[in-house]
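> Pasting a structure here, questions to come.
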Amino acid sequence: MNDFDGIAWCYDPLKRLIFGDTLDRASSHFLPKINPGARILILGGGTGKILQDVPDGVHITFLDKSEKMLQLAQKRPQKNVEFVNADFLNFQPPLKFDWVICPFFLDLFDSGTLNKVIRKIADVLVPGGELLVSDFTYRKSLLIRVMYVTFRIVSRVEARKIPPILKSLEGSGFQQLDSITFLNGLVFSCHHRQVSN
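If you're matching positions, the sequence shown starts at 1 in our numbering and goes up one per residue.
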């Protein structure tokens with residue numbers, strides 16, 4: 001499930017064709033809030049475009065399940081990045097993270113798996129750790145339906161529709177501190193803090 005190896009080569013051009021630079025802007029919007037010296041985990045960072053916008057002076061663990069996506073990310077200029085090819089639910093980091101960043105990652109999972117992923121995020125964060133999420137909103141849209149059908153076929157994406165990401169985060173002890181929407185509310189970016197684990 002959730003195998004992006006087959007489309008890694010065309011992922012960025014396809015994303016630009018459909019959404020312009022909106023998904024990149026959403027992914028990067030709250031990155032300036034990250035403090036120097038922070039330990040960051042980027043989940044499902046794909047081709048690594050987000051790396052160019054991460055502030056200097058931080059320690060990054062970049063995790064992606066797709067080996068091909070990871071290879072593309074490794075070709076980008078490096079900023080103290082450790083690349084990890086793994087399924088997040090099986091990932092056992094030696095240290096906890098100050099920040100976890102999920103750029104269009106949480107929408108890949110059905111509701112049951114999403115809750116497991118969010119619990120795992122809570123486990124890998126330091127107490128009071130912070131979470132940046134950019135994703136599609138939980139609403140009906142023809143574009144989103146077509147996108148999910150396409151990605152189920154070409155990448156075996158687990159989710160059949162967008163799961164209730166924000167509701168799941170709130171129910172798992174994350175407090176939303178800030179948010180912004182793009183594309184008339186179709187895309188969001190938000191900043192959360194873990195208030196209970």
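In this text, a Cβ means the ideal position worked out from N, Cα and C, and glycines have one as well.
Output needed for Asp56: all residues of its chain with C-beta closer than 7 Å, excluding positions within five of it in sequence on either side, in chain order.
Hits under 7 Å: Lys79.
> Starting from Leu51, follow its DSSP beta bridges and name the residues at the other end.
Leu51 is not bridged to any residue.
> Rounded to whole angstroms, what is the Cα-Cα separation between Ser155 and Leu51?
Its pLDDT being 48, under 50, Ser155 is placed unreliably by the model, and the measurement read from it follows with that caveat. Whole-angstrom Cα-Cα distance: 23 Å.
> How would you write the range of the alpha helix (DSSP H) that Ile118 sits in, first residue to last?
Note, Ile118: alpha helix (DSSP H), Ser111 to Val124.
> Which residues in the same chain as Arg25 place their Cβ atom closer than 7 Å to its Cβ, once the five residues preceding and following it in sequence are excluded?
Cβ neighbours of Arg25 beyond the five flanking positions: Phe182.
> Pull up the distance between the alpha-carbon of Leu177 and that of Gly185, whole angstroms please.
Approximately 18 Å between the Cα atoms of the pair.
> Going by CA-CA distance only, name the one from Ile60, Phe83, Val58 and Pro77 that's closest to Ser66.
It is Phe83.
> Nearest-angstrom Cα distance between Ile42 and Leu31?
Each residue's Cα considered, the two are about 11 Å apart.
> Excluding the 5 residues preceding and the 5 following His59 in the sequence, name in chain order all residues of the same chain whose CB lies nearer than 6 Å to its CB.
Correct list, in chain order: Arg39 and Asn80.
> State the start and end residues of the unbroken beta strand (DSSP E) segment that holds Arg193.
First-last of the beta strand (DSSP E) with Arg193: Val187 to Gln194.
> Could you tell me the distance, in whole angstroms, from the CA atom of Phe62 to the CA atom of Phe174?
Each residue's Cα considered, the two are about 22 Å apart.
> In angstroms with no decimal places, state the Cα-to-Cα distance between Leu131 and Ala86.
Going from the Cα of Leu131 to the Cα of Ala86 covers about 20 Å.
> Report yes if the CB atom of Leu125 is closer than 8 Å to the CB atom of Phe97, and no otherwise.
Yes, Cβ-Cβ distance for Leu125 and Phe97 is below 8 Å.
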